[in-house]
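Peer 1: Here it is, the structure, as structure tokens.
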Amino acid sequence: MLRKHALALCMAVFVWATVLPLAEGAPAVSETWCTKFYQKLAQHPEMLAERAKRDAQIASADAVKKPLYNPEIEAGIEREGEDRNVHLGISQGIDLWGKSEPRRRRAEFMRTQAEVRYQEAMQTKASDVLLQMIEWQDAQALEQLSKTQERHLGQLLNLLEQRRVAGDLGEFEATLTYLALSQQLTESAEAEARKLRARASLAVLLPTMDDDLLRIPEAFWAPKDREPFDSLVAARPAVQAAWAEWQQQLLQAREAGLEAKSDPVLGIGGGKNGDENVVSLSLSVPLAIRNNRKAEVRAAQHGAISAEALWQNAQLLERAKLESARQIMQAYQQRYSDWQSKMAGPVERSAALLEKQWKAGDLATQEYLQALKESTEARAAGIALKGAWHVSVVHWLEASNQLLSAVGQPHVSTP
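Each residue of the sequence shown is one higher than the last, beginning at 316 in the numbering used here.
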């Protein structure tokens, strides 16, 4: 009975010591960390390409809202017998039906869509980097755990050797410890390799990442809902982009209808016909006889209907993603909090009790080694649970469009 009590107590001690408690009322994330992280992110070649792509789309939007018609200059000279006729004129198309207005509005939605897509790319990149940083932190924690266990087994082996020389123990106990130490060395190597792989992946995702940015501040893991759920759904980049696309399609349908109406071209000119001065005024109106553009209007209208359906579908998908991400985060947070509260205990006293029981002979060496192994596995499980919670927080922040805000940059507001 005493042995079972000691084993259980040892498990609680080592597990509790693994993870820091959840911070309540944590301060805001360090502005220095946020500034450095965002700068590194924005300077990545992939983000530079996305920014150039955004600027190109904005330039295209600026082109759309320009005036429809440029003035035209016409000049001519001809000889009629002994006379030389000279003519100079200028003509200008008149936007009689207000075709420029829907184009100007469509350009604004094009700009919104370009900015939203850029913010979405930034957020995806930030998520990828943060998830890999979590992997690195977990790997580092496991490496430290393995090395601590390795040192403990080494000390135990030295103590066993001393007791064996003194005749208190046989070689069987030392052999068991050698086997445990051998296995622990392998696990330490695997943990170190995992950490190195995570760091190499970070070097690809963010080549300019400094070591002082690798550890994410604890305050980062205390996100709070600051907006209603419907607002979070509407703020999703996919929803905003789909909404902007729908508005563009509506305006294009209106433009197509206006294109069926002909705009007049007004011209004025002057010149000389022989010795006489000549002034001319002209008006031309294209006739929509052979092509009344009704087919283009129908195509644009169907495009708008399709875009509206895609916008509604985007809301359904993003709402489901958002709800799932929130529930998963809350579940992991609750499990992690429960895990911590149940594992709390006096670390030093419990560890000393286990060692005391082994030295007193109440625990066999084999049981002692098994307890150490189980405690290490439990501590590793705690690290994994904490890492899973951190991953769920990142997924929630990304799903709720708060990830860039969390690292110091406000998200795009809903148009």
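All residues carry an ideal CB built from backbone N, CA and C; glycine is no exception.
Using DSSP with H/G/I as helix, E/B as strand and the rest coil, what is I620?
Peer 2: Helix at I620.
Peer 1: Check the C-beta distance from Q555 over to V379 and give it rounded, since I have them as a contact under 8 Å.
Peer 2: In fact, because the Cβ distance is near 19 Å, the residues do not count as touching under 8 Å.
Peer 1: Judging by CA-CA distance, which residue of T691, A559, L529 and E507 is the nearest neighbour of L517?
Peer 2: Nearest of T691, A559, L529 and E507 to L517, Cα basis: L529.
Peer 1: Per DSSP, K587 is paired with what?
Peer 2: Paired residues: V401 and N592.
Peer 1: Which complete beta strand (DSSP E) runs does the stretch 520–582 hold, if anything under 3 residues is left out?
Peer 2: With a minimum length of 3 residues, no continuous beta strand (DSSP E) run stays inside the stretch 520–582.
Peer 1: Please report the straight-line C-alpha distance between S577 and I604, rounded to a whole angstrom.
Peer 2: Rounded to the nearest angstrom, the two C-alpha atoms are 11 Å apart.
Peer 1: W704 and Q648 look like a contact to me (Cβ under 8 Å); what is the Cβ gap, rounded to whole Å?
Peer 2: About 6 Å separates the two Cβ atoms, so the contact holds.
Peer 1: Report all residues from its chain with a CB closer than 7 Å to the CB of V722; omit the five preceding and five following residues, and keep chain order.
Peer 2: Result list for V722: C349, F352, Y353 and A441, in chain order.
Peer 1: Compute the beta-carbon to beta-carbon distance between R608 and A571, rounded to the nearest angstrom, for a pair I have assumed lies under 8 Å.
Peer 2: Rounded, the Cβ-Cβ distance is 7 Å, consistent with contact.
Peer 1: Spatial neighbours of I388 within its chain, please: CB distance less than 6 Å, with the 5 preceding and 5 following residues excluded, ordered by chain position.
Peer 2: Only I405 meet the Cβ criterion.
Peer 1: To which residues does DSSP link Q655 through a beta bridge?
Peer 2: DSSP lists no partner for Q655.
Peer 1: Which value, in whole angstroms, describes the spacing of the CA atoms of Q470 and Q655?
Peer 2: Cα to Cα, Q470 sits roughly 29 Å from Q655.
Peer 1: May I have the straight-line CA-CA distance separating Q616 from L573, to the nearest angstrom?
Peer 2: Distance between the alpha carbons of Q616 and L573 is about 13 Å.
Peer 1: Excluding the 5 residues flanking L596 on each side, which residues of the same chain have their C-beta closer than 6 Å to its C-beta?
Peer 2: Answer for L596: I583, listed in chain order.
Peer 1: Rounded to a whole number of angstroms, what is the C-alpha to C-alpha distance between K400 and Q407?
Peer 2: Just to set this straight, residue 400 is Asn in the shown sequence, not Lys. Straight-line Cα distance between these residues: approximately 24 Å.
Peer 1: Suppose you measure from the CA of P552 to the CA of I531; what does that come to, to the nearest Å?
Peer 2: Answer to the nearest angstrom: the Cα atoms are 25 Å apart.
Peer 1: Going along the chain, which residues of its own chain have a beta-carbon closer than 6 Å to the beta-carbon of R419, five neighbours each way excluded?
Peer 2: Counting only Cβ-Cβ distances below 6 Å, and skipping sequence neighbours, we find K380.
Peer 1: Counting along the chain, where does the alpha helix (DSSP H) carrying R366 start and finish?
Peer 2: Unbroken alpha helix (DSSP H) run through R366: P360 to V379.
Peer 1: In this structure, how does DSSP classify L602 when only helix, strand and coil are distinguished?
Peer 2: Looking at L602 - three-state DSSP - the assignment turns out to be coil, as it is neither helix nor strand.
Peer 1: In whole angstroms, give me the CA-to-CA distance for E692 and H359.
Peer 2: Their Cα atoms are separated by approximately 38 Å.
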